[in-house]
Each structure stands twice: as structure tokens, then as C-alpha cells.
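Single-structure report; data block below.
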Amino acid sequence: MSIIPFHDRDGHIWYDGQLVPWRDAKVHVLTHGLHYGSCVFEGERIYNGSIFKSREHSVRLKKSAELLGFDIPYSVDEIEEAKVATCKAANMVNGYIRPVAWRGSEMMGVSAQHNKIHLAIACWEWPSYFTPEARMKGIHLQLSKWRRPAPDTAPTEAKAAGLYMICTMSKHAAEKDGFQDALMLDYRGYVAEATGANFFMIKDGVIHTPTPDCFLNGITRQTVIDLAKRRGYQVIERHIQLEEVQGASEIFLTGTAAEVTPVGRIGDWTFTPGEVCRNLMLDYDALVNGRLEAAAAE
Ligand code: PMP
Numbered sequence: 216m217s218i219i220p221f222h223d224r225d226g227h228i229w230y231d232g233q234l235v236p237w238r239d240a241k242v243h244v245l246t247h248g249l250h251y252g253s254c255v256f257e258g259e260r261i262y263n264g265s266i267f268k269s270r271e272h273s274v275r276l277k278k279s280a281e282l283l284g285f286d287i288p289y290s291v292d293e294i295e296e297a298k299v300a301t302c303k304a305a306n307m308v309n310g311y312i313r314p315v316a317w318r319g320s321e322m323m324g325v326s327a328q329h330n331k332i333h334l335a336i337a338c339w340e341w342p343s344y345f346t347p348e349a350r351m352k353g354i355h356l357q358l359s360k361w362r363r364p365a366p367d368t369a370p371t372e373a374k375a376a377g378l379y380m381i382c383t384m385s386k387h388a389a390e391k392d393g394f395q396d397a398l399m400l401d402y403r404g405y406v407a408e409a410t411g412a413n414f415f416m417i418k419d420g421v422i423h424t425p426t427p428d429c430f431l432n433g434i435t436r437q438t439v440i441d442l443a444k445r446r447g448y449q450v451i452e453r454h455i456q457l458e459e460v461q462g463a464s465e466i467f468l469t470g471t472a473a474e475v476t477p478v479g480r481i482g483d484w485t486f487t488p489g490e491v492c493r494n495l496m497l498d499y500d501a502l503v504n505g506r507l508e509a510a511a512a513e
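Residue numbers (the numbering used here): 216 to 513.
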């Protein structure tokens with residue numbers, strides 16, 4: 216399979232207020248965001264021409280920047296308009312949207328008080344490749360050796376580029392050993408999340424998910440909790456010990472990219488995705504595609 220690199224594609228990217236040709240959307244090598252991790256981003260999906268929970272993502276982007284001590288020089292409304300313009304220029308009705316904001320090059324040291332704040336927005340096609348039935352086989356997770364840091368160690372509520380350093384290391388280690396993703400514990404040893412998705416387990420028909428006190432409270436996570444409650448499931452947010460996971464009847468992950476993804480294995484423990492996974496996958500699919508009523512009535 217030949218891969219088209221992301222820097223060498225046709226189309227346009229919204230960059231600091233205007234749409235520029237895709238290949239011209241560059242940063243200089245001496246950029247603070249690259250050297251010191253002063254960079255935040257979003258991952259969003261557009262379904263049938265409508266960006267799912269668009270405003271929530273724009274608000275989170277602004278908040279992530281604030282947590283890193285910088286202010287994106289565009290309002291939530293302006294970011295909303297920019298995302299729509301980006302998708303429109305690409306005729307994108309089903310795809311993925313990536314806003315990214317970072318400190319520029321005016322100062323190149325730890326201190327960067329006067330650096331310009333940049334914002335860029337790109338979109339690309341990213342279909343859900345797997346049918347619900349294929350997904351029901353479940354992905355395999357390896358336990359990561361890296362732990363999610365404490366909230367007084369890093370700005371854990373921010374979707375900040377720097378927090379993904381340990382995610383990439385964990386995911387690469389997992390892939391090297393034949394797993395698709397990694398499960399990370401937190402600094403206390405509680406189950407936290409996968410490298411880009413939140414964690415859920417089902418025990419005795421009840422859904423349990425870790426309290427998001429040191430990792431992203433995903434927009435998909437919150438959506439799926441609502442959907443589960445609408446289905447009549449009990450949902451408990453609490454600290455979860457790794458040993459408890461072994462006895463779960465089903466496990467799944469949630470995220471903008473992952474949507475609802477069942478898990479078939481964690482290390483040596485195997486799980487069989489079942490009814491809860493299937494129901495929530497169908498409900499999520501119905502919701503994002505604007506036909507929840509039909510699915511909920513089934
Ligand atoms: N945790 C991490 C580390 C993530 O990268 C993501 C994806 N943004 C999530 C959780 C899920 O967040 P959301 O549902 O808002 O996409």
C-alpha cells in the first residue's frame with residue numbers, strides 16, 4: 216500500500232485566517248511548539264456534512280490553550296466558521312478535522328511570552344473502515360509501561376501535543392508485539408485509558424468507566440455515557456483497579472476516531488464483545504448520522 220504523506224496532498228488548509236494551498240501550510244524549524252511542546256489540537260469528525268459536537272471541540276481547543284498559558288486569537292464562533300470553510304473548500308461531508316494551535320518563532324527558549332499564536336485547520340477523508348460486525352471481533356491491547364501523569368505534573372485536562380509523547384511510545388511498543396493499542400494506568404496504578412480513547416468495562420450488566428481526573432474526559436465518552444443511560448444501563452464512574460478488569464464481561468473504548476471500539480484482549484486476558492458493545496455502537500452510529508430516533512425505537 217502506498218501512503219500519501221500528509222505534507223504532499225492537494226487541497227487547502229485554513230492557516231491563520233485564510234485558506235492556503237495544502238503544500239504551503241508550513242512552519243519554520245525554529246518554532247516553539249515543535250521544540251517545547253507548546254501546541255494543542257483537536258480531532259473531530261464530520262458525518263453527512265455535519266461536524267459532530269463541533270462547538271464542544273472548539274471550546275475544548277480554546278481551553279487546552281488556556282491551560283498551557285496561551286490564548287488562541289480567534290473566538291469559538293470564528294473557529295466554528297473556519298472549520299465549516301475548511302470542510303466546504305474540500306467538499307468534505309464525511310471525514311476528520313484537525314485544528315491545531317501553537318506558539319511560533321519569535322522567542323526560542325523556555326520562555327516564549329511574546330510568541331505569536333498560530334491556528335491551522337485541516338480536514339481529510341477518514342471513513343470508518345470496519346463494519347459493526349468486523350469491529351465486534353475486538354482489538355487487542357497491551358499494558359503500557361508508561362503511566363498517565365498526575366494533574367500537578369502535567370496539564371492533564373488539555374489536549375496538548377506533549378501529553379502524546381508517552382502515547383506514541385506505548386502504541387509503538389504494543390504494535391511491535393502484535394497488539395493494536397496500549398492500555399495505560401495512571402500515576403496511582405488505576406486503569407486510565409488507551410493511547411487515544413477512553414476505557415469502559417461491563418460487569419454484571421453495569422457499565423464502569425474510570426473517573427477522568429488525570430486524563431481527557433472525552434467528548435465521545437460523555438456522549439456514550441448519555442446513550443447508555445438512555446438505554447437504561449447503569450453507568451458508574453470510579454477508580455478501577457487493573458485486577459478488576461479480568462472479570463469483565465465486555466470491554467470497549469470510545470473516541471472521536473475510535474468511535475465505539477470493542478476490545479477482545481488485554482495482555483493475556485481475553486474478552487468477547489457482546490450485546491452492550493453492539494447496542495452502544497449502533498446507538499452512536501445512529502446519533503452521529505442523525506437517525507437516533509429510529510435506532511432508539513428498535
Ligand atoms: N483520550 C485521549 C488521549 C485522546 O487522544 C482522545 C481522542 N481525542 C480521547 C481520550 C477521546 O476523546 P474524544 O472522545 O473527545 O475524541
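The beta-carbon is built from N, C-alpha and C at its ideal position, and this holds for glycine as well. Because the structure is a prediction, the values reported are computed rather than measured.
Would you say P220 and G353 are within 8 Å of each other, going by their C-beta atoms?
Position 5 of the sequence shown, counting from 1, holds the residue named residue 220. Position 138 of the sequence shown, counting from 1, holds the residue named residue 353. No, the pair does not count as a contact, with Cβ atoms beyond the cut-off.
Ignoring anything shorter than 3 residues or poking outside the region 430–489, list the beta strand (DSSP E) runs there in chain order.
450–453, 465–470, 474–481
Express the C-alpha separation of G264 and T476 in angstroms, rounding to a whole number.
Within the sequence shown, numbered from 1, the residue matching residue 476 stands at position 261. Within the sequence shown, numbered from 1, the residue matching residue 264 stands at position 49. Approximately 23 Å, taken between the alpha carbons.
Could you compute how far the alpha carbon of A389 sits from the alpha carbon of R506?
In the sequence shown, counting from the first residue as 1, residue 389 sits at position 174. In the sequence shown, counting from the first residue as 1, residue 506 sits at position 291. Answer to the nearest angstrom: the Cα atoms are 36 Å apart.
Beta strand (DSSP E) containing T383: first to last residue?
Counted from its first residue, the sequence shown places residue 383 at position 168. Counting along the chain, T383 falls outside any beta strand (DSSP E), though it belongs to the alpha helix (DSSP H) covering 380–391.
Between G482 and L400, is the Cβ-Cβ spacing less than 8 Å?
Start at 1 with the first residue of the sequence shown, and residue 482 comes out as number 267. Start at 1 with the first residue of the sequence shown, and residue 400 comes out as number 185. Cβ distance not < 8 Å, so G482 and L400 don't count as in contact.
When the Cα of C254 is compared with those of N413, L334, L398, which residue comes out closest?
The count along the sequence shown starts at 1 and reaches residue 254 at position 39. Of the candidates N413, L334, L398, the one whose C-alpha sits nearest the C-alpha of C254 is L334.
So Q395 and H355 are in contact, right, with Cβ under 8 Å, and what is the actual spacing, rounded?
Your numbering for residue 395 matches position 180 in the sequence shown. Your numbering for residue 355 matches position 140 in the sequence shown. Going by Cβ atoms, the distance from Q395 to H355 rounds to 6 Å, so yes, they are a contact pair.
CB T426 to CB E459, shorter than 8 Å?
Taking the first residue of the sequence shown as position 1, residue 426 is located at position 211. Taking the first residue of the sequence shown as position 1, residue 459 is located at position 244. Not closer than 8 Å, so no.
Ignore the nearest five residues each way along the sequence and tell me which others in E295's own chain have a CB closer than 8 Å to its CB.
Along the sequence shown, read from residue 1 onward, the residue named residue 295 stands at position 80. So the list reads S269, R270, S273, once near-sequence residues are dropped.
Measuring straight from C-alpha to C-alpha, what distance separates D428 and S290?
Walking along the sequence shown from the start, residue 428 turns up at place 213. Walking along the sequence shown from the start, residue 290 turns up at place 75. When rounded, the distance between both Cα atoms is 27 Å.
Assign A509 to one of three DSSP states: helix, strand, or coil.
Within the sequence shown, residue 509 is the residue found at index 294, counting from 1. The predicted model places A509 with a pLDDT of 48, which falls under 50 and marks its position as unreliable, so this point remains unresolved.
So V450 and I434 are supposed to be a Cβ contact under 8 Å. How far apart are they, rounded?
Your numbering for residue 450 matches position 235 in the sequence shown. Your numbering for residue 434 matches position 219 in the sequence shown. V450 to I434, Cβ: 16 Å. No contact.
From P236, V315, D239, pick the residue whose C-alpha is nearest to that of P288; which is it?
The residue given as residue 288 occupies position 73 in the sequence shown. Sorting P236, V315, D239 by C-alpha distance to the C-alpha of P288 places V315 at the top.
If we count the other Cβ atoms within 10 Å of its Cβ and call it buried at 16 or more, is L245 buried or exposed?
If you number the sequence shown from 1, residue 245 lands on position 30. By the neighbour-count rule (16 or more Cβ atoms within 10 Å), L245 is not buried but exposed.
Skipping 5 residues on each side, what residues in its chain have a beta carbon closer than 7 Å to that of P236?
On the sequence shown, position 21 is the one that residue 236 refers to. These residues qualify, in order along the chain: H227.
A360 burial status per 10 Å Cβ neighbour count (16 or more: buried):
Within the sequence shown, the letter at position 145 stands for residue 360. The displayed chain sequence assigns Lys, not Ala, to residue 360. Result: exposed.
Only counting runs of 3 or more residues, tell me where the beta strand (DSSP E) segments fall wholly within the region 313–341, in order along the chain.
Along the region 313–341, the beta strand (DSSP E) occurs as fully enclosed runs of 3 or more residues at 332–339, listed in sequence order.
Specify, as a first and last residue, the run of the beta strand (DSSP E) that L234 falls within.
The sequence position of residue 234 within the sequence shown is 19, counting from 1. Element bounds for L234: 233–236.
Tell me the DSSP secondary structure of A280 in three-state form.
Here residue 280 refers to the residue found at position 65 when the sequence shown is read from its first residue. Helix.
Assign M416 to buried or exposed, taking buried as 16 or more other Cβ atoms, counted over all protein chains shown, within 10 Å of its Cβ.
Translated into positions along the sequence shown, residue 416 becomes position 201. Buried, by the Cβ-count rule.
Endpoints, alpha helix (DSSP H) assigned at I294
On the sequence shown, residue 294 is found 79 positions in, with the first residue counted as 1. From DSSP, the alpha helix (DSSP H) with I294 extends over 291–304.
Might you give, ordered along the chain, the residues of its own chain that have their beta carbon closer than 8 Å to the beta carbon of I332, omitting 5 neighbours on each side?
Along the sequence shown, one-based indexing puts residue 332 at 117. Answer for I332: A280, F285, D286, I287, P288, A316, W317, R318, G319, listed in chain order.
Considering only C-alpha positions, which residue in the set L502, D500, K278 is nearest to T371?
The residue you call residue 371 lines up with position 156 of the sequence shown. Nearest of L502, D500, K278 to T371, Cα basis: K278.
Assign I218 to buried or exposed, taking buried as 16 or more other Cβ atoms, counted over all protein chains shown, within 10 Å of its Cβ.
Taking the sequence shown and counting its residues from 1, the one referred to as residue 218 is at position 3. Exposed, since its Cβ has fewer than 16 Cβ neighbours within 10 Å.
Buried or exposed, going by whether 16 or more other CB atoms sit within 10 Å of the CB of K241?
Walking along the sequence shown from the start, residue 241 turns up at place 26. With fewer than 16 other Cβ atoms within 10 Å, it is exposed.
Alpha carbons only, please: which of H250, S385, I312 is nearest the one belonging to G324?
Stepping through the sequence shown from its first residue, residue 324 is reached at position 109. Residue H250 is the option with its Cα nearest to G324.
Tell me the residue span of the alpha helix (DSSP H) that contains R260.
Start at 1 with the first residue of the sequence shown, and residue 260 comes out as number 45. No alpha helix (DSSP H) contains R260, which is instead part of the beta strand (DSSP E) from 259–262.
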